[in-house]
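Have a look at the structure below before the remarks.
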Amino acid sequence: FLSVRETSRAKVDEATMKAAVFQVVKGNQSIRSTAKSFNINHMTLSRWVTKYKEATDEHKLTMKFVPNYQIHLIFPANIEEDLETYLLTASKMHHGLTRKQVLELAYQLAVVNKIDCPKSWHEKKAVGYDWFYSYMKRHPALSLRKPEATSMARSTSFNRHTVNIFFDNLENCFKQLGDQISPIVIYNLDETALTTVHNPPNIIAKKGQKQIGQITSGERGILVTA
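Using the UniProt record's numbering, you'd call the opening residue of the sequence shown number 1 and step up by one each time.
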């Protein structure tokens, strides 16, 4: 179970914040009374009023009354993009990283690049879950997915050469047997059994990708019949 950070400070939409700032600046109302009437934290409103007053006339015309979370980012954009590329590449190679591994890898990136980070990161040797979920929102191409257990033999054998051999053999069978091979003689058999291959955890992979594999120690076809 993961705890989610909660706050009593409500989010304010842009239109409400803009109206409150104008009421203080142009309506000569006090910050506290305006904050109370608009149900806004008075410290938040005070910062926006100061920001508006200090802005140039040209900036005031295009000013957006929404928080700029970019200034609070710990990693620069290029490092975040490199991390995304690495995660996608790892998942394509059937070695996708779990959520815990991503937290540890991100912390290592911060240390190697000498980036200032929260004290809690150093204590846990991993980044926080708040950063992880914010990162996932900033990179919508990534998603937490359930992979299919794939053995090393299956992963390395699925290539152009092996697939061509399979279809060559299939073509020869059709030529030799002819009409003897038809849909009516094809059966799909299954069994109830217990697999000896471990169930891989969720990994970070590309959103929307249909098939996602994860390397396991054994072949998924090896079963113990119940």
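Where a beta carbon is used, it is the ideal one built from N, C-alpha and C, also for glycine. The structure displayed is predicted, hence computed values, not measured ones.
Point to revise | Assumed close pair I184, F174 - CB separation to whole angstroms, cut-off 8 Å | key: For a cut-off of 8 Å, the C-beta gap from I184 to F174 is around 15 Å, too long to register as a contact.
Check your understanding: Of the residues K92, V111, W48, V66, which one's Cα is nearest the Cα of I79?
Key -> In terms of Cα proximity to I79, the closest of K92, V111, W48, V66 is V111.
Check your understanding: How is the beta strand (DSSP E) around A205 delimited, first residue to last?
Key -> A205: member of the beta strand (DSSP E) spanning 203–206, first to last residue.
Review point. In whole angstroms, what separates the C-alpha of K207 from that of E104?
Key: Straight-line Cα distance between these residues: approximately 22 Å.
Check your understanding: Would you call the CB atoms of I40 and A20 closer than 8 Å?
Key -> Contact: yes.
Check your understanding: Does DSSP put L170 in a helix, a strand or coil?
Key -> In this structure, DSSP gives L170 a helical state, which the three-state scheme calls helix.
Practice item. Note down the Cα distance separating E58 from F38, rounded to an integer number of angstroms. Key: So the two alpha carbons sit approximately 27 Å from each other.
Check your understanding: Counting along the chain, where does the alpha helix (DSSP H) carrying L61 start and finish?
Key -> Residues 57–62.
Point to revise | Span of the beta strand (DSSP E) around S143 | key: Per DSSP, S143 is one residue of the beta strand (DSSP E) stretching across 142–145.
Practice item. Would you kindly check if the distance between the Cβ of L142 and the Cβ of residue 253 is under 8 Å? Key: Since the first residue shown for the chain is 1 and the last is 226, residue 253 is missing from the structure and cannot be characterised.
Practice item. Leaving out five residues on either side along the sequence, give the residues of the same chain with a beta carbon under 8 Å from the beta carbon of I71. Key: The pLDDT assigned to I71 is 49, lower than 50, so where the model puts this residue is not dependable; a value taken from the coordinates is nonetheless given after this. Nothing listed; no residue qualifies.
Check your understanding: Under 8 Å, do V25 and K64 count as touching if we go by C-beta distance?
Key -> Not a contact, by the Cβ cut-off of 8 Å.
Practice item. Express the C-alpha separation of Q101 and residue 229 in angstroms, rounding to a whole number. Key: Absent from the model: residue 229. The displayed extent of the chain is 1 to 226, so no value can be given.
Point to revise | For K124 and E171, the rounded distance between their alpha carbons | key: C-alpha separation (whole angstroms): 58 Å.
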